[in-house]
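Written below as structure tokens is the structure these notes are about.
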Amino acid sequence: RTTVDSLAAIGRRSAGKRVCSVSRLARRCYARRSSVVVCCFIRFSVVIFRNMAEKFDNLEEHLEKFIENIRQLGIIVSDFQPSSQTVLNQKLNFMITGLQDVEKCRQQLNDIHVPLEAFEYIDQGRNPQLYTKECLERALAKNEQVKGKIDTMTKFKSLLITELGKVFPEEMAKYKAIHGDDPPS
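Following the numbering used here, the numbering of the sequence shown begins with -12 at its first residue and continues without gaps.
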């Protein structure tokens, strides 16, 4: 499974958990107006969408252009000269156009949900793939725990059938006729 599939499966778990669509992620980055957050977003997007279908390539291209524009805008603002006002205005217009392009890509990606916990990893400066790794490790541990319970219950059932066969042989013969001759071991 790809990272997106894993995150989508994790994101669709119980109704009490919070999830966030990719389009909301773009809005979140814009709302914070922080190029650092936007850079984390593009890195996160590239990681998630690296092996995905063609529809993600378009989004990735728009996001890369948007990030480059934000970087250039930061350079212009940090060393602002009154003579660079036209260039600044042009870059701001490119930024608005870039956000509109990302919004156009949203319709193709409505079915993808990313858990908000992954954004917390980004906000903390951690790799979002660690979130996926930790979720998978928790799922593996829970799977082993459930497997142990199933094995215990299977052994208990076998032992119970054996002991009941000694105490109630006629009833257990009927039970075995209905459920099969060999009790599970």
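Here a beta-carbon is modelled for each residue, glycine too, at the ideal position from N, C-alpha and C.
If you're wondering where the values come from, they're calculated on a predicted model, not measured in any experiment.
Since residue i and residue j are thought to touch, with beta carbons under 8 Å apart, how far apart are those beta carbons, to the nearest angstrom?
i: ILE102; j: ILE109; result: For clarity, residue 102 is Pro in the given sequence; the question names Ile instead. Contact flag wrong, Cβ pair sits at about 12 Å.
i: MET82; j: ILE63; result: Not confirmed; about 11 Å, so no contact.
i: LEU46; j: LEU96; result: 7 Å
From residue i to residue j, what distance separates their C-alpha atoms?
i: THR149; j: ILE137; result: 18 Å
i: THR84; j: LYS120; result: 36 Å
i: GLU158; j: CYS122; result: 47 Å
i: SER174; j: GLU124; result: One cannot answer for residue 174 here, as it falls past the ends of the chain, which runs -12 to 172.
i: TYR162; j: GLY152; result: 10 Å
i: LYS142; j: ALA126; result: 24 Å
i: ALA164; j: THR139; result: 24 Å
i: GLN87; j: GLN59; result: 19 Å
i: SER71; j: PHE53; result: 20 Å
i: ALA13; j: VAL89; result: Residue placement at ALA13 is flagged as unreliable, the pLDDT there being 46, under the threshold of 50; the coordinate-derived value follows with that caveat. So the alpha carbons of these two residues sit roughly 8 Å apart.
i: PHE67; j: PHE106; result: 32 Å
i: ASP98; j: GLU48; result: 20 Å
i: GLU55; j: GLY112; result: 20 Å
i: GLY61; j: HIS100; result: 30 Å
i: LEU79; j: ARG93; result: 21 Å
i: GLU51; j: PHE43; result: 12 Å
i: GLU77; j: PRO69; result: Position check: residue 77 holds Gln in this sequence, whereas Glu was assumed. The alpha-carbon atoms of GLN77 and PRO69 are separated by roughly 14 Å.
i: ALA160; j: GLU104; result: 55 Å
i: GLY167; j: GLY135; result: 25 Å
i: LEU147; j: PRO156; result: 13 Å
Name the two residues that bound the continuous alpha helix (DSSP H) containing residue i.
i: PRO115; result: 115 to 154
i: ASN80; result: 72 to 92
Quick check on the DSSP output: the beta strand (DSSP E) that includes residue i runs from which residue to which?
i: PRO102; result: 100 to 102
From the DSSP output, in three-state form, read off residue i for me.
i: GLY61; result: helix
i: ARG20; result: Low local confidence applies: a pLDDT of 43 at ARG20 is under 50, so the model's placement there is unreliable, with the coordinate-based value given in what follows. Residue state, collapsed to three classes: coil.
i: GLN111; result: coil
i: ASP44; result: helix
i: ASN97; result: coil
i: PHE67; result: coil
i: LYS52; result: helix
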